[in-house]
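Colleague: This is the structure I have questions about; it appears just below.
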Amino acid sequence: MKRLASFAFVVASIALAACGGGGTVDRGFYGEIVEEPKGASGPNGPAAKRTPAKTTKLHVSFDRPKLVVIRAGWCDICKDVEPSIMAAYEPYRGKIDLVVLDVTDEAAVAKAHGRASDEGVREFFMQYGARTPTVGVFIGEDNGRLVHGQLKDPDVLKRELEFSLSQKRGEPEEPSSDPAKSAPLQPDARGH
Numbered sequence: 003m004k005r006l007a008s009f010a011f012v013v014a015s016i017a018l019a020a021c022g023g024g025g026t027v028d029r030g031f032y033g034e035i036v037e038e039p040k041g042a043s044g045p046n047g048p049a050a051k052r053t054p055a056k057t058t059k060l061h062v063s064f065d066r067p068k069l070v071v072i073r074a075g076w077c078d079i080c081k082d083v084e085p086s087i088m089a090a091y092e093p094y095r096g097k098i099d100l101v102v103l104d105v106t107d108e109a110a111v112a113k114a115h116g117r118a119s120d121e122g123v124r125e126f127f128m129q130y131g132a133r134t135p136t137v138g139v140f141i142g143e144d145n146g147r148l149v150h151g152q153l154k155d156p157d158v159l160k161r162e163l164e165f166s167l168s169q170k171r172g173e174p175e176e177p178s179s180d181p182a183k184s185a186p187l188q189p190d191a192r193g194h
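Structure (structure tokens):
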């Protein structure tokens with residue numbers, strides 16, 4: 003039942019985005035991500051994410067990092083940036099897995115929801131599934147970074163892919179000193 007409610011929420015969000023989007027990008031979405039204050043009681047607050055101890059899942063580290071792309075066939079911006087995303091990914095094929103979550107229609111959303119769960123990026127998909135294009139790089143289950151910046155510039159994504167590989171090797175150095183270029187995944191405080 004919970005899965006069905008989550009699915010319905012994603013479908014409704016996508017429908018709203020499709021009706022009002024008109025092919026434009028919410029510029030604020032690619033801005034700074036603000037962490038919700040400690041003790042917050044909103045839908046993304048700590049109380050909303052509590053589960054019984056027996057079902058609490060530890061973050062699982064992936065064998066290889068994953069590049070996760072949320073896209074839709076009706077999204078003109080997706081079509082515009084996908085060649086750059088693929089050009090940036092190509093040198094990392096075999097070192098980093100590619101996961102494409104298509105949200106073109108209800109059937110695709112259902113399939114993407116299942117794949118996101120199977121791939122360990124369910125929370126990312128639940129939060130950003132209605133925002134296309136959205137790109138994240140993950141080193142473990144729900145342990146990733148949202149890619150910020152011009153997705154048409156392959157260097158933006160390459161920087162994040164290199165960082166994910168360095169983290170897998172145990173090198174904690176950041177890919178950029180500019181926090182607007184990338185940020186750890188955190189709840190979207192804007193309530194979208």
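Using my numbering, read the sequence shown as starting at 3 and increasing by one per residue.
Even for Gly, the Cβ is constructed at its ideal location relative to N, Cα and C.
Just so you know, these numbers come straight off a predicted model, no measurement behind them.
#1: Which of helix, strand or coil does DSSP assign to Val101?
#2: Who pairs with Arg95 in a beta bridge, going by DSSP?
#3: In terms of alpha-carbon separation, which member of Leu159, Trp76, Asp144 lies closest to His150?
#4: With a cut-off of 8 Å on the beta carbons, I'd call Leu100 and Leu69 a contact; round off their distance for me.
#5: Taking buried to mean at least 16 other C-beta atoms within 10 Å of its own C-beta, is Pro93 buried or exposed?
#6: By the three-class DSSP mapping on this structure, what secondary structure does Pro85 have?
#7: Per DSSP, Lys113 forms a beta bridge with which residues?
#8: What residue from Ala74, Pro85, Phe140 has the CA that sits closest to Asp155's CA?
#9: Taking the alpha-carbon of Asp107 as reference, which of Ala118, Ala132, Arg95 has the nearest alpha-carbon?
Modeller: Checking against the coordinates, here is how it stands:
#1: In this structure, Val101 counts as strand in the three-state DSSP scheme.
#2: Beta-bridge pairing by DSSP links Arg95 to Ile98.
#3: Checked all of Leu159, Trp76, Asp144; the closest Cα to His150 is Leu159.
#4: With a Cβ gap of about 5 Å, Leu100 and Leu69 count as contacting.
#5: If you draw a 10 Å sphere on the C-beta of Pro93, you find fewer than 16 other C-beta atoms in it, and that means exposed.
#6: In this structure, Pro85 counts as helix in the three-state DSSP scheme.
#7: Under DSSP, Lys113 shares a beta bridge with no residue.
#8: If we check each option's Cα against that of Asp155, Pro85 comes out closest.
#9: The residue with the shortest Cα to Cα distance from Asp107 is Ala132.
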